[in-house]
Amino acid sequence: DGNWLVIDGKKRFLQGMNIAWITNNTFGNDVGDAKININMFTSHIKKIRKVGGNAVRWWLHTDASHCPKIDASGAVTGIGKRTISNMKQALDTAHAYGVVISMCLFSFDLLQKGTKSSYSDYNFDNNLKFLTVPENIDTYLEKGLKPILEGVGDHPAIMCWEVFNEPEGMIEGHGWTPTKIDAKHVQRITNKIAGCVHDHSNKMVSTGVHCADDLALYKDAALKAAGGVANGTLDFIQLHYYPEWFGQDHSPLHNPKSFWKDKWEDRPVLIGE
136 DGNWLVIDGK KRFLQGMNIA WITNNTFGND VGDAKININM FTSHIKKIRK VGGNAVRWWL
196 HTDASHCPKI DASGAVTGIG KRTISNMKQA LDTAHAYGVV ISMCLFSFDL LQKGTKSSYS
256 DYNFDNNLKF LTVPENIDTY LEKGLKPILE GVGDHPAIMC WEVFNEPEGM IEGHGWTPTK
316 IDAKHVQRIT NKIAGCVHDH SNKMVSTGVH CADDLALYKD AALKAAGGVA NGTLDFIQLH
376 YYPEWFGQDH SPLHNPKSFW KDKWEDRPVL IGE
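Here this note's numbering = 1-based position in the sequence shown + 135.
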């Protein structure tokens with residue numbers, strides 16, 4: 136509604152921060168088989184509210200080290216036994232304090248080998264097949280995302296479902312991971328996840344883009360061409376902006392929304408990081 140996000144029937148001007156991962160200080164371990172450290176999560180939410188914040192970006196699968204479960208063929212066989220209950224606890228907590236959550240599903244860390252020694256233990260080969268074998272995203276929709284959406288898809292604390300954190304990091308010609316993939320794979324996954332969310336919830340879909348130069352990857356026509364899902368488009372973009380990397384040319388603090396109209400679509404652009 137204009138410059139306002141409408142969440143749970145209320146107009147909200149959002150400001151907040153990332154809560155990337157908490158449980159055991161491990162990528163993606165807030166969902167999976169381990170029990171979420173809800174006390175620490177609650178502590179963060181309370182601190183954010185104390186200084187006037189009302190939104191967080193919570194990283195979920197991240198590098199798929201704990202959830203979803205991906206087999207040797209790259210197919211998803213299921214989610215963690217505590218994934219949905221952990222998400223519900225976190226969402227209930229956020230809602231109790233008036234905070235909404237951008238539910239960020241995956242990250243470029245799926246192909247960032249450095250995380251294996253420093254943050255988590257994931258199977259690189261499985262992840263690569265998950266991303267690049269077209270049929271594998273359908274196994275995630277059926278055995279991962281749909282059960283999650285059935286469990287918490289329309290929770291009032293959900294700001295949106297965010298497909299990726301900076302997937303450009305693993306795209307050829309754009310990124311920095313040791314192994315990179317063609318943009319069509321990210322576009323296909325984005326298209327199919329967005330369509331699934333639109334089919335099985337009333338919430339919006341977004342993604343977190345590393346640089347304004349990459350916005351054209353997420354135009355409606357490009358996503359539909361890659362995945363074939365008519366409603367698999369994004370309701371708004373979350374742009375990540377770091378002046379030490381990009382200067383002020385693409386700054387969302389120095390340009391109006393119209394600056395991005397031709398680069399993406401004539402829809403809202405939010406600062407995600």
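Think of the CB as a built atom: it goes at the ideal place given N, C-alpha and C, for glycine as much as any other residue.
Between LYS204 and ILE214, the CB-CB gap stays under 9 Å. Shown here for HIS309: same chain residues with a beta carbon closer than 7 Å to its own, the five before and five after excluded, namely GLU303, ASP349 in chain order.
As computed with DSSP, GLY343 is found in a beta bridge with ASN300, GLN373. Distance from the CA atom of ASN153 to the CA atom of MET238, rounded to whole angstroms, is 11 Å.
Taking C-beta atoms as the reference points, ILE171 and GLN224 count as a pair closer than 9 Å. Under the three-state reduction of DSSP, LEU226 is assigned to helix.
Residue range 378-381 is occupied by the alpha helix (DSSP H) that includes TRP380.
Under the Cβ criterion (8 Å, minimum of three pairs), the region 325-345 counts as touching the region 359-373. Judged by DSSP in its simplified three-state form, TRP194 adopts strand. When rounded, the separation of the alpha-carbon atoms in VAL340 and GLY288 is 12 Å.
DSSP places THR177 inside the alpha helix (DSSP H), whose first and last residues are 173-185.
GLY330: not part of any beta strand (DSSP E); member of the alpha helix (DSSP H) spanning 318-335, first to last residue.
Counting of Cβ neighbours within 10 angstroms places THR325 among the buried residues, the total reaching 16 or more. In the three-state reduction of the DSSP assignment, LEU149 falls in the coil class. Just measuring C-alpha positions, the residue of GLU379, PHE241, TYR353 sitting nearest HIS196 is PHE241.
CYS202 and PRO403 have their C-alpha atoms some 30 Å from each other. Between ALA356 and LYS327, the alpha-carbon positions lie close to 13 Å from each other.
When DSSP states are grouped into helix, strand and coil, GLY279 belongs to the helix group. Taking C-beta atoms as the reference points, LYS338 and TRP311 fail to come closer than 9 Å.
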